[in-house]
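Inspection log for the structure reproduced underneath, given as structure tokens.
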Amino acid sequence: MFKASIDIDLLRDSIAALSVIVDEIRLKVSPAGLSVKAVDAANVAMVIFDLKASAFDKFDAKDTELGLDLVKLNDILGIVEKKTLVDMELDTAAQKLHLNFGGLSYTLSLLDPSTIRSEPRVPQLDLPARVVLNGQDLKRAVKAAEKISDHMTLGVSGNVFFMEAKGDTDQVRLEMDANQLIDLKSGEANSLFSLDYLLDIIKPAGKASEVSLSIGCDFPILIQFDIAPAVCHVTFLLAPRIESD
Amino acid sequence: MFKASIDIDLLRDSIAALSVIVDEIRLKVSPAGLSVKAVDAANVAMVIFDLKASAFDKFDAKDTELGLDLVKLNDILGIVEKKTLVDMELDTAAQKLHLNFGGLSYTLSLLDPSTIRSEPRVPQLDLPARVVLNGQDLKRAVKAAEKISDHMTLGVSGNVFFMEAKGDTDQVRLEMDANQLIDLKSGEANSLFSLDYLLDIIKPAGKASEVSLSIGCDFPILIQFDIAPAVCHVTFLLAPRIESD
Amino acid sequence: MFKASIDIDLLRDSIAALSVIVDEIRLKVSPAGLSVKAVDAANVAMVIFDLKASAFDKFDAKDTELGLDLVKLNDILGIVEKKTLVDMELDTAAQKLHLNFGGLSYTLSLLDPSTIRSEPRVPQLDLPARVVLNGQDLKRAVKAAEKISDHMTLGVSGNVFFMEAKGDTDQVRLEMDANQLIDLKSGEANSLFSLDYLLDIIKPAGKASEVSLSIGCDFPILIQFDIAPAVCHVTFLLAPRIESD
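Residue numbers (full-length UniProt numbering), protein chains in the order written: chain A, 1 to 245; chain B, 1 to 245; chain C, 1 to 245.
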């Protein structure tokens, strides 16, 4: 059983963040809220998503699992005007989700969760460095890197966080010291990542006022931020690329 | 003889409505104003368009008929800034229409009206139900239906007007009762229409504050609205599709 | 040696104007400022560009010549927010230009100037007519001409400046008399130009409050305007097309 009402913008932002990684999700529903853990087809990136019951205008649920087609859902929600409230209600017997918004009722057939890849095991990572910065700063550096390369290095050296990309002849680098960052836990860190994934991740992350990056040396990076403060949190885990010169 | 001045926005909206059905028109000019009746190449939809002399800043005309290429006209009017006044004058001998706007003069060659399909006969329809709603509500339902199907049902059941589309697994439905509608004449009505046509028609209809729908059972629908209150009226007549399951 | 700071908008507008003609430039640096003279691959259009030292927030330079890839530069500057200050510094030994903006540092490899076409000789032209008009008026006429032809005539007849394009059946014409122009030096002038080039030139010229056109009979046209008043001036010289009917 699941019955809830939520603001369309928060729902759309949530779907956008999940869509970075997968097109179909196993949505875990519990009285505490909704959650998703998923890994992409290439096993390079993982998303851990948590949307608390308190994020909803109304929320009434028992433990269950729903198979959702994010592409279909995103497509239909694209026509909804901002600020609209979306009502959702699960028809367990028919395995359908009823959505109501702006006078329209939409009935979405659910997928059989067993046809969707199982929840991944989340690895325990002990990453030496951690920086917190504005999502806009992260976005700008990734956008600049895209102009000259298809991968970029993120790292910490002393009290300086840096992002760097090297093209055949050109180079782009952003450096931020402790004063320019919201927070810095210093530690040796230097890892290379695919810009394909970072460009997708900065779409939701670029809107966040605080993005936390946990980084190691040739280790995965944790990119964490709130979609809505205190009630909707997302973590991306992205595997490093090994430099081959 | 035909000489007139009109606001560019009203002219562009008029061309946009006619372009739903045809690319070339026989424009009937009379001292009372301009009018067009046309049917699309597939004989599925008809437009009946009426623009009164009082819609113009200046209007001076005798009875005549002009062959107009709407695509060309729309293209050139696309560069005109909003709120501009467009002056038009017919050169009967040369069969050219002179347009003046924003200091530019544009000379458009007219088409020979006899090369354009004749005015259709408008069928007399006695449709049992009629609803009047805001163009935005109609637009939202058609846009939602497009996401899952290529046709949709419009109907009235008791005091409820409904629009419904069914995809392979999903369904979308909008219901509005007498209180939510601007006006309702109840009557049994239920007809299926192609979304291709409805999507084109809602472009102009979606801007109207009041759209009137006259509906029957497996009968054509009449979609009527003002492009400008009291002076520019348009009626679309759309043939039903017969459901084949 | 070259070290300077400039507003991003002025830098971007300058690159946009130069890009009308060439993708790679020989940038002449002197204590007085920056300048470029270049001709397009087809030898139809020339640009003469001058950006004074006083246009910069800081400017410190000795005479030198830099080879710049405008496409790369434009691409990276596209991500910079409006109103940002861009710092530039030449590394002569490494033949690299360091750009700093919004916390990002970007290192651009310079091209060997000897691989770029030499500065053209600027012909002395004694053109009989000259008109000064608002860039928007020029833009509107060129945009209208594009709808019906691939070339247009510019000329002066008596006290009237005109721009005219003829299609297979249609015609567009803009006339402006001395009262509608900012300035007019009357003289017999009538030349035909390719719209391909004019459409590119009006992108920067359309933003200028005053554009000066010097015109002759079947002679090149000079199109001159300021990108920034008193400190950044650009001249386009465009060869005529010879009418072939």
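Ideal Cβ placement from N, Cα and C applies to all residues, glycine included. Keep in mind that this is a model prediction, so the values were computed, not measured.
I want to know whether the segment 125-137 of chain A touches the segment 211-223 of chain A - three or more CB-CB distances under 8 Å. Short answer: they touch.
Going by C-alpha distance, which of C:MET46, C:LEU99 and C:ASP63 is nearest PRO123 (chain C)? Reading the third sequence from its first residue, position 123 is the one you call residue 123 (chain C). Measuring from the Cα of PRO123 (chain C), the nearest candidate turns out to be C:MET46.
Quick one: grab the DSSP three-state call for VAL71 (chain B). Taking the second sequence and counting its residues from 1, the one referred to as residue 71 (chain B) is at position 71. Helix at VAL71 (chain B).
DSSP three-state call for GLU146 (chain A): helix, strand or coil? Within the first sequence, the letter at position 146 stands for residue 146 (chain A). Residue state, collapsed to three classes: helix.
Does the Cβ-Cβ distance between MET176 (chain A) and PHE193 (chain A) come in under 8 Å? Position 176 of the first sequence, counted from the start, is the residue given in the question as residue 176 (chain A). Position 193 of the first sequence, counted from the start, is the residue given in the question as residue 193 (chain A). It is not a contact, given that the beta carbons lie outside the stated cut-off.
VAL182 (chain A) and LEU138 (chain A): beta carbons closer than 8 Å? Residue 182 (chain A) sits at position 182 when you count from the first residue of the first sequence. Residue 138 (chain A) sits at position 138 when you count from the first residue of the first sequence. Reading off the sequence shown, one finds Ile at residue 182 (chain A), where the question assumed Val. No, they are not a contact pair.
Would you call the segment 10-27 of chain C and the segment 222-238 of chain C touching, i.e. three or more CB-CB distances under 8 Å? yes
Residues of the segment 124-144 of chain B in Cβ contact with chain A at a cutoff of 8 Å, in chain order, please. Answer in chain order: ASP137, ARG140, ALA141, LYS143 and ALA144.
Cβ distance (whole Å) where LEU111 (chain A) is taken to contact ASP63 (chain A) below 8 Å: If you number the first sequence from 1, residue 111 (chain A) lands on position 111. If you number the first sequence from 1, residue 63 (chain A) lands on position 63. With 8 Å as the limit, LEU111 (chain A) and ASP63 (chain A) do not qualify as a contact, their Cβ atoms being about 18 Å apart.
Going by alpha carbons, who is nearest to ASP200 (chain B) out of B:VAL36, B:VAL142 and B:SER105? Mapped onto the second sequence, residue 200 (chain B) falls at position 200. Comparing Cα-Cα distances from ASP200 (chain B) to each of B:VAL36, B:VAL142 and B:SER105, the minimum goes to B:VAL142.
For a cutoff of 8 Å on Cβ pairs, would you count SER226 (chain B) as touching chain C? Residue 226 (chain B) sits at position 226 when you count from the first residue of the second sequence. According to the sequence as given, residue 226 (chain B) is Asp; it is not Ser. Cβ-Cβ to chain C under 8 Å: no for ASP226 (chain B).
Closer than 8 Å, Cβ to any Cβ of chain A: which residues of the segment 148-176 of chain B, in chain order? ILE148, THR169, ASP170, GLN171, VAL172, ARG173, LEU174, GLU175 and MET176
Who are the near neighbours of VAL71 (chain C) in its chain, counting only those whose CB is closer than 7 Å to its CB and skipping five residues on each side? Here residue 71 (chain C) refers to the residue found at position 71 of the third sequence. Beyond the five residues adjoining it in sequence on each side, VAL71 (chain C) comes within less than 7 Å, by CB distance, of ASP23 in the same chain, given in chain order.
Please confirm whether LEU66 (chain C) and ILE8 (chain C) have their CB atoms less than 8 Å apart. Along the third sequence, read from residue 1 onward, the residue named residue 66 (chain C) stands at position 66. Along the third sequence, read from residue 1 onward, the residue named residue 8 (chain C) stands at position 8. Against a cut-off of 8 Å, the Cβ pair of ILE8 (chain C) and LEU66 (chain C) comes out as no contact.
Tell me whether LYS203 (chain C) sits in a helix, a strand or coil according to DSSP, three-state version. Taking the first residue of the third sequence as position 1, residue 203 (chain C) is located at position 203. In this structure, LYS203 (chain C) counts as helix in the three-state DSSP scheme.
Under 8 Å between C-beta atoms, does ASP75 (chain B) make it to chain C? Looking up residue 75 (chain B) in the second sequence gives position 75. So yes, ASP75 (chain B) belongs to the interface.
Determine the direct distance from the alpha carbon of ALA178 (chain C) to that of ASP150 (chain A), and round the result to whole angstroms. As a working mapping, residue 150 (chain A) is identified with position 150 in the first sequence. As a working mapping, residue 178 (chain C) is identified with position 178 in the third sequence. Each residue's alpha carbon lies about 57 Å from the other.
Among residues of its own chain, excluding the 5 on either side of GLY187 (chain B), which ones have a beta-carbon nearer than 7 Å to its beta-carbon? Taking the second sequence and counting its residues from 1, one reaches residue 187 (chain B) at position 187. For GLY187 (chain B), where only same-chain residues beyond five positions count, the Cβ hits under 7 Å are PRO128, ALA129 and VAL156.
Start and end of the beta strand (DSSP E) containing SER109 (chain A)? Numbered from 1 along the first sequence, position 109 holds the residue referred to as residue 109 (chain A). Element bounds for SER109 (chain A): 104-109.
Among B:THR235, B:ILE215, B:CYS217 and B:LYS207, which residue has its Cα nearest to the Cα of ASP13 (chain B)? Looking up residue 13 (chain B) in the second sequence gives position 13. Of B:THR235, B:ILE215, B:CYS217 and B:LYS207, the residue nearest in Cα terms is B:LYS207.
Put LEU181 (chain B) into one of helix, strand or coil per three-state DSSP. In the second sequence, residue 181 (chain B) corresponds to position 181, counting from 1. LEU181 (chain B): coil per DSSP, three-state reduction.
In the DSSP assignment, what residue or residues form a beta bridge with SER30 (chain B)? Taking the second sequence and counting its residues from 1, the one referred to as residue 30 (chain B) is at position 30. For SER30 (chain B), which the question treats as bridged, DSSP gives the partners B:GLY33.
In the DSSP assignment, find the unbroken alpha helix (DSSP H) run with ASP126 (chain C) in it and report its ends. For this step, residue 126 (chain C) is matched to residue 126 along the third sequence. No alpha helix (DSSP H) holds ASP126 (chain C); DSSP gives it neither H nor E.
Kindly say whether TYR106 (chain A), judged by its beta-carbon, lies nearer than 8 Å to any beta-carbon of chain B. What you label residue 106 (chain A) is simply residue 106 of the first sequence in a count that begins at 1. Yes - at least one Cβ of chain B is within 8 Å of the one on TYR106 (chain A).
Identified DSSP bridge partners for ILE223 (chain B): Taking the second sequence and counting its residues from 1, one reaches residue 223 (chain B) at position 223. Answer is B:LEU213 and B:PHE236.
For GLY33 (chain C), go through chain D and note every residue whose CB falls closer than 7 Å to its CB, in chain order. The structure shown contains no chain D; the protein chains it does contain are A, B and C.
Where do the N-terminal and C-terminal ends of the alpha helix (DSSP H) with ALA208 (chain C) fall, by residue? For the purposes of this step, residue 208 (chain C) is taken as residue 208 along the third sequence, with counting starting at 1. Run containing ALA208 (chain C): none; DSSP gives neither H nor E here.
How many Å lie between ASP40 (chain A) and THR153 (chain A) at the Cα? Taking the first sequence and counting its residues from 1, the one referred to as residue 40 (chain A) is at position 40. Taking the first sequence and counting its residues from 1, the one referred to as residue 153 (chain A) is at position 153. C-alpha separation (whole angstroms): 21 Å.
Taking C-beta to C-beta, are VAL29 (chain A) and PHE56 (chain A) nearer than 8 Å? Taking the first residue of the first sequence as position 1, residue 29 (chain A) is located at position 29. Taking the first residue of the first sequence as position 1, residue 56 (chain A) is located at position 56. It is not a contact, given that the beta carbons lie outside the stated cut-off.
Three-state secondary structure (DSSP) at THR84 (chain B)? On the second sequence, residue 84 (chain B) is found 84 positions in, with the first residue counted as 1. DSSP places THR84 (chain B) in coil when its eight states are reduced to three.
So, for LEU184 (chain A): in the same chain, excluding its five sequence neighbours on each side, which residues have a beta-carbon less than 7 Å away from its beta-carbon? Within the first sequence, the letter at position 184 stands for residue 184 (chain A). Correct list, in chain order: VAL131, ASN159, PHE161 and ALA178.
Name, please, each residue of chain C whose Cβ falls closer than 9 Å to the Cβ of GLY187 (chain B). For this step, residue 187 (chain B) is matched to residue 187 along the second sequence. Per Cβ cutoff of 9 Å: no residues; GLY187 (chain B) is ~48 Å from chain C at best.
For a test of the three-state rule: what should DSSP assign to ARG173 (chain A), helix, strand or coil? For the purposes of this step, residue 173 (chain A) is identified with residue 173 of the first sequence, where counting begins at 1. Looking at ARG173 (chain A) - three-state DSSP - the assignment turns out to be strand.
Mind checking if ILE15 (chain B) is an interface residue toward chain C, Cβ cutoff 8 Å exclusive? Locating residue 15 (chain B) in the second sequence gives position 15, counting from the first residue. Closer than 8 Å: no.
Within this structure, are the beta carbons of SER109 (chain A) and LYS96 (chain A) separated by less than 8 Å? Indexing the first sequence from 1 puts residue 109 (chain A) at position 109. Indexing the first sequence from 1 puts residue 96 (chain A) at position 96. Contact flag set, yes.
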